[in-house]
Amino acid sequence: MGRRGHRRRRARPDQPPRRHRVQAAAAAQRRSRQALDDLPRKGRHRRGRTRRGRHRPRRAGHPRPDRRRPLPLRRPRPLARARRGERAAPHRGGRGLKPTAPLREAHAHIAPYGRSMSMLDLSRCSSIGELLDALERHASSLEGDAWALGHGLRVEGLSERRWPTQQEMLGASGGRECVLWLFDHHALVATGAPLRAAGIDKHAADPEGGLVDRDPSGEPTGVVYEKAAKLVWSIVPEPGPEQIRLDIVTALEKFASMGFAEVHDLLSQPDAIDALLDLHETGELDRIGVEVRLFAPIDDVRTILGRFGDRIDRAATAGRLRLAGTKLFADGTLNGRTALMLADYADPIPEHPRGMAVASTRRIYESIRTSEAIGLPLATHAIGDGAVRAVLDAIEELRPQTPGFRIEHAELIDAADIPRFARLGVVCSVQPCHLLTDIEVLRRLLPNRLHRVLPLADLLGAGLQPGRTLLFGSDAPIVRPDPQDSIDAATLRRRPGMPESEAIAPAQAIDEATAWACFARG
Numbered sequence: 031m032g033r034r035g036h037r038r039r040r041a042r043p044d045q046p047p048r049r050h051r052v053q054a055a056a057a058a059q060r061r062s063r064q065a066l067d068d069l070p071r072k073g074r075h076r077r078g079r080t081r082r083g084r085h086r087p088r089r090a091g092h093p094r095p096d097r098r099r100p101l102p103l104r105r106p107r108p109l110a111r112a113r114r115g116e117r118a119a120p121h122r123g124g125r126g127l128k129p130t131a132p133l134r135e136a137h138a139h140i141a142p143y144g145r146s147m148s149m150l151d152l153s154r155c156s157s158i159g160e161l162l163d164a165l166e167r168h169a170s171s172l173e174g175d176a177w178a179l180g181h182g183l184r185v186e187g188l189s190e191r192r193w194p195t196q197q198e199m200l201g202a203s204g205g206r207e208c209v210l211w212l213f214d215h216h217a218l219v220a221t222g223a224p225l226r227a228a229g230i231d232k233h234a235a236d237p238e239g240g241l242v243d244r245d246p247s248g249e250p251t252g253v254v255y256e257k258a259a260k261l262v263w264s265i266v267p268e269p270g271p272e273q274i275r276l277d278i279v280t281a282l283e284k285f286a287s288m289g290f291a292e293v294h295d296l297l298s299q300p301d302a303i304d305a306l307l308d309l310h311e312t313g314e315l316d317r318i319g320v321e322v323r324l325f326a327p328i329d330d331v332r333t334i335l336g337r338f339g340d341r342i343d344r345a346a347t348a349g350r351l352r353l354a355g356t357k358l359f360a361d362g363t364l365n366g367r368t369a370l371m372l373a374d375y376a377d378p379i380p381e382h383p384r385g386m387a388v389a390s391t392r393r394i395y396e397s398i399r400t401s402e403a404i405g406l407p408l409a410t411h412a413i414g415d416g417a418v419r420a421v422l423d424a425i426e427e428l429r430p431q432t433p434g435f436r437i438e439h440a441e442l443i444d445a446a447d448i449p450r451f452a453r454l455g456v457v458c459s460v461q462p463c464h465l466l467t468d469i470e471v472l473r474r475l476l477p478n479r480l481h482r483v484l485p486l487a488d489l490l491g492a493g494l495q496p497g498r499t500l501l502f503g504s505d506a507p508i509v510r511p512d513p514q515d516s517i518d519a520a521t522l523r524r525r526p527g528m529p530e531s532e533a534i535a536p537a538q539a540i541d542e543a544t545a546w547a548c549f550a551r552g
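Shown next, in the form of structure tokens:
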């Protein structure tokens with residue numbers, strides 16, 4: 031018996047097995063190359079037909095399904111509801127749908143992702159002791175006086191909930207200099223030599239747009255945030271051209287293995303662009319089978335066009351590689367407590383109780399004008415609701431005519447700003463997978479604002495379209511780029527296996543078909 035006492039419908043004798051019908055629908059979808067957001071309003075469900083094939087009256091509000099269009103997924107009906115602005119209960123089982131359309135990774139850092147695979151991965155460390163043990167093993171494998179470089183550090187995930195000290199790192203590394211990134215790459219901890227080389231000491235002021243953590247005497251502790259972190263990282267020797275090519279190939283092959291046919295590279299640096307153009311010209315990108323969309327730093331875009339303009343034009347004509355936009359940072363990150371909020375954090379950095387505006391209002395306006403003059407959309411990093419509002423305000427006042435202006439991350443959005451995305455034509459590019467690791471820090475830092483975290487259902491209800499104006503990505507190497515992680519986060523609002531009571535803003539959950547549609551190439 032089914033729900034409400036109804037008997038389960040049996041397959042009609044004249045119908046082929048269900049799996050054959052699904053395979054046929056998937057094949058039709060591949061031939062038509064339609065994006066997931068082109069789903070029919072009611073798919074191939076059989077409402078309106080009895081078990082024996084006789085028609086019965088349809089319920090009000092259920093239009094006749096369009097049987098001419100193919101199905102890309104096995105359970106498409108919830109997407110139709112989402113596109114009409116209705117909130118459908120998410121698929122609770124998870125991992126039930128398999129995409130048949132090519133996938134798009136809408137936010138990644140290709141060369142850094144490839145490079146991270148050769149660095150010390152600290153993401154699994156749950157205590158300072160485990161971190162120092164991992165650092166000791168890694169340092170013992172290095173040659174000469176090479177620095178120990180690590181990434182994936184999660185202070186909130188350590189039982190001590192603190193950064194390792196410089197003395198602890200030097201002791202574990204056998205005296206080697208160390209630079210360890212916080213997982214979000216907006217803060218790091220370093221030993222003395224890298225700090226001094228970057229000009230960070232007791233007497234130096236914090237760099238503009240950056241923050242240096244200090245002990246009571248004013249000495250740097252080794253922890254630096256935002257532009258101060260980037261300043262320290264700039265001291266680390268850069269890999270050579272061949273290593274950059276290898277890192278990019280390694281990363282793109284990994285993306286391809288996960289089903290991605292298109293990757294957006296946010297913050298494409300000149301050396302990486304040069305390497306990608308080489309890979310295109312030698313046929314490597316064709317071999318790998320991934321198309322790359324470049325987003326250049328807003329400060330470097332004119333230099334990049336002057337240096338690579340002709341090669342970029344030729345690559346764009348071939349279709350495998352093109353310059354798709356520019357990139358700006360408006361605020362910091364949630365874990366670093368530097369994402370710009372409209373209200374104070376529960377446990378803030380004293381000097382910045384609501385986070386940091388990495389870009390001033392004037393700089394946001396200037397960046398929009400610069401990108402508009404070049405004819406490229408600007409993608410702006412804005413995690414906190416304060417930063418999201420600042421970017422929307424600037425776009426609303428300037429009204430750029432170039433389509434495709436984007437806000438990246440948007441982890442918190444005030445309810446008043448939700449309808450502005452569709453009204454202003456702003457693309458919202460989010461990474462639901464971050465929710466899986468941020469649950470504890472969200473509860474600690476924003477206990478009264480959890481209902482505004484990743485408001486996917488509200489954005490869809492306000493008119494954003496999956497795969498066109500609502501995009502999913504991972505921000506690799508911040509987290510692994512497995513699309514299933516974002517599907518789990520978007521549908522469950524918690525880590526798989528956690529009790530449902532642990533879900534963050536469960537009312538904002540979306541169904542699985544809609545979540546996969548946000549990964550589909552438009």
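Numbering (the numbering used here), first residue to last: 31 to 552. The C-beta atom is built at its ideal place from N, Cα and C for all residues, glycine as well. The model shown is predicted, which means the values in this text are computed figures rather than measured ones.
Task: A281 beta carbon less than 8 angstroms from that of G366 - done: As a first step, residue 366 must be located in the sequence shown, where it is residue number 336. As a first step, residue 281 must be located in the sequence shown, where it is residue number 251. No; because the gap between Cβ atoms is not below 8 angstroms, this pair is not in contact.
Open item on the list: Tell me the residue span of the alpha helix (DSSP H) that contains D488.
Closed with: As a working mapping, residue 488 is identified with position 458 in the sequence shown. Start and end: 486-491.
Open item on the list: I'd like to check one pair, Y255 with G180: are the Cβ atoms closer than 8 angstroms?
Closed with: Taking the sequence shown and counting its residues from 1, the one referred to as residue 180 is at position 150. Taking the sequence shown and counting its residues from 1, the one referred to as residue 255 is at position 225. No. Outside cutoff.
- [ ] Can you grab the Cα-Cα spacing for the pair A202 / P269, in whole Å?
- [x] Looking up residue 202 in the sequence shown gives position 172. Looking up residue 269 in the sequence shown gives position 239. Near 25 angstroms, if we compare the C-alpha coordinates of P269 and A202.
Open item on the list: So if DSSP puts F290 in a beta bridge, which residue, or which two residues, is it bridged to?
Closed with: Along the sequence shown, one-based indexing puts residue 290 at 260. According to DSSP, F290 bridges with L133.
- [ ] Mind the definition here: the region 481-497 touches the region 423-443 only if three or more C-beta pairs lie below 8 angstroms; say whether that holds.
- [x] Contact between the region 481-497 and the region 423-443 is present, with at least three C-beta pairs closer than 8 angstroms.
TODO: Pick helix, strand or coil for V388, following the three-state DSSP scheme.
DONE: Stepping through the sequence shown from its first residue, residue 388 is reached at position 358. The answer is coil: DSSP assigns V388 none of H, G, I, E or B.
TODO: Could you tell me which residues DSSP pairs with K357 in its beta bridges?
DONE: The sequence position of residue 357 within the sequence shown is 327, counting from 1. DSSP output for K357 lists P327, A409 as bridge partner(s).
Task: C-alpha distance - V563 paired with V388, whole-angstrom precision - done: Past the boundaries of the shown model lies residue 563; the chain is included only from 31 to 552, so the question cannot be answered.
- [ ] With a 10 Å radius around its C-beta and 16 neighbouring C-beta atoms as the bar for buried, classify Q197 as buried or exposed.
- [x] Residue 197 sits at position 167 when you count from the first residue of the sequence shown. Exposed.
Task: Alpha carbon of P507 to alpha carbon of H233, nearest angstrom - done: Residue numbering aside, residue 507 sits at position 477 when the sequence shown is read from its first letter. Residue numbering aside, residue 233 sits at position 203 when the sequence shown is read from its first letter. Spanning the two alpha carbons is a distance of roughly 34 angstroms.
Open item on the list: I need the straight-line Cα distance from M195 to L161, nearest angstrom please.
Closed with: For the purposes of this step, residue 195 is identified with residue 165 of the sequence shown, where counting begins at 1. For the purposes of this step, residue 161 is identified with residue 131 of the sequence shown, where counting begins at 1. A quick correction: the sequence has Thr, not Met, at residue 195. For T195 and L161, the gap between their C-alpha atoms comes out near 12 angstroms.
TODO: Examine the Cβ distances between the region 332-339 and the region 297-313 and report whether three or more of them are shorter than 8 angstroms.
DONE: yes
TODO: Spell out the partners DSSP gives I448 in its beta bridges.
DONE: For the purposes of this step, residue 448 is taken as the residue at position 418 of the sequence shown. In the DSSP output, where bridge partners are listed per residue, I448 has none listed.
TODO: Give a yes or no on contact between the region 498-513 and the region 129-144, applying the rule of three or more CB pairs nearer than 8 angstroms.
DONE: yes
Task: R429, buried or exposed, once every other Cβ within 10 Å from all chains shown has been counted against 16 - done: Walking along the sequence shown from the start, residue 429 turns up at place 399. R429 should be labelled exposed.
- [ ] Could you name the residues of the same chain whose beta carbon sits closer than 6 angstroms to that of G553, not counting the 5 residues immediately before and after it, in chain order?
- [x] Outside the shown range of the chain, which is 31 to 552, sits residue 553, and nothing can be said about it.
- [ ] Using 10 angstroms around the beta-carbon of E438, count the other beta-carbons present and answer buried if the total reaches 16, otherwise exposed.
- [x] On the sequence shown, position 408 is the one that residue 438 refers to. Buried, by the Cβ-count rule.
Task: Three or more C-beta pairs below 8 angstroms linking the region 517-535 and the region 301-312 - done: no
Open item on the list: In the DSSP assignment, the beta strand (DSSP E) including I437 goes from what residue to what residue?
Closed with: Position 407 of the sequence shown, counted from the start, is the residue given in the question as residue 437. Element bounds for I437: 436-439.
Open item on the list: How far does the beta strand (DSSP E) with G180 in it extend, from its first residue to its last?
Closed with: Sequence index remark: in the sequence shown, residue 180 carries index 150 (1-based). Start and end: 178-183.
Open item on the list: Beta-carbon within less than 7 angstroms of I274's beta-carbon, same chain only, minus the 5 sequence neighbours each way: which residues are those?
Closed with: In the sequence shown, residue 274 corresponds to position 244, counting from 1. Same-chain partners within the cutoff: A141, D301, A302, A305.
Task: T544 versus Q461 - alpha carbon distance - done: The count along the sequence shown starts at 1 and reaches residue 544 at position 514. The count along the sequence shown starts at 1 and reaches residue 461 at position 431. Going by the C-alpha atoms only, they are around 14 angstroms apart.
TODO: List the residues that DSSP assigns as beta-bridge partners of Y255.
DONE: Residue numbering aside, residue 255 sits at position 225 when the sequence shown is read from its first letter. Paired residue(s): A217, L241.
Task: 6 angstroms Cβ shell around F290 - same chain, five flanking residues per side excluded - done: Within the sequence shown, numbered from 1, the residue matching residue 290 stands at position 260. Within the same chain, Cβ atoms closer than 6 angstroms to the Cβ of F290 are found at L133, E135, the five residues on either side in sequence being excluded.
Task: Contact belief for F549 with P513 at Cβ below 8 angstroms, rounded distance in angstroms - done: Numbered from 1 along the sequence shown, position 519 holds the residue referred to as residue 549. Numbered from 1 along the sequence shown, position 483 holds the residue referred to as residue 513. Between P513 and F549 the Cβ distance is about 5 angstroms, and since that is below 8 angstroms, they are a contact.
Open item on the list: Considering just the uninterrupted stretch of the beta strand (DSSP E) at L494, what are its terminal residues?
Closed with: Taking the sequence shown and counting its residues from 1, one reaches residue 494 at position 464. Unbroken run through L494: none, as it is neither H nor E.
Open item on the list: Beta-carbon within less than 6 angstroms of S516's beta-carbon, same chain only, minus the 5 sequence neighbours each way: which residues are those?
Closed with: Position 486 of the sequence shown, counted from the first residue, corresponds to residue 516. If we look at S516 and ignore the five residues flanking it on each side, its Cβ neighbours are P462, C463, F502.
Task: Residues near D316 in its chain [Cβ-Cβ closer than 7 angstroms; skip 5 each side] - done: Within the sequence shown, the letter at position 286 stands for residue 316. Answer for D316: R350, listed in chain order.
TODO: For my contact list, L210 and L218 are in at a C-beta cut-off of 8 angstroms; report their separation, rounded to the angstrom.
DONE: Taking the sequence shown and counting its residues from 1, the one referred to as residue 210 is at position 180. Taking the sequence shown and counting its residues from 1, the one referred to as residue 218 is at position 188. Right, the Cβ-Cβ distance comes to about 6 angstroms (below 8 angstroms), so this counts as a contact.
Task: Residue from A376, D447, D340 whose Cα sits closest to the Cα of L489 - done: The residue labelled residue 489 in the question sits at position 459 within the sequence shown. Out of A376, D447, D340, D447 has the C-alpha closest to the C-alpha of L489.
Task: CA-to-CA distance, W193 to D541, given in whole angstroms - done: In the sequence shown, counting from the first residue as 1, residue 541 sits at position 511. In the sequence shown, counting from the first residue as 1, residue 193 sits at position 163. Separation of D541 and W193 (C-alpha to C-alpha, rounded to the nearest whole angstrom) is 38 angstroms.
Open item on the list: Once DSSP output is grouped into helix, strand and coil, what is the label at I379?
Closed with: Position 349 of the sequence shown, counted from the start, is the residue given in the question as residue 379. Looking at I379 - three-state DSSP - the assignment turns out to be strand.
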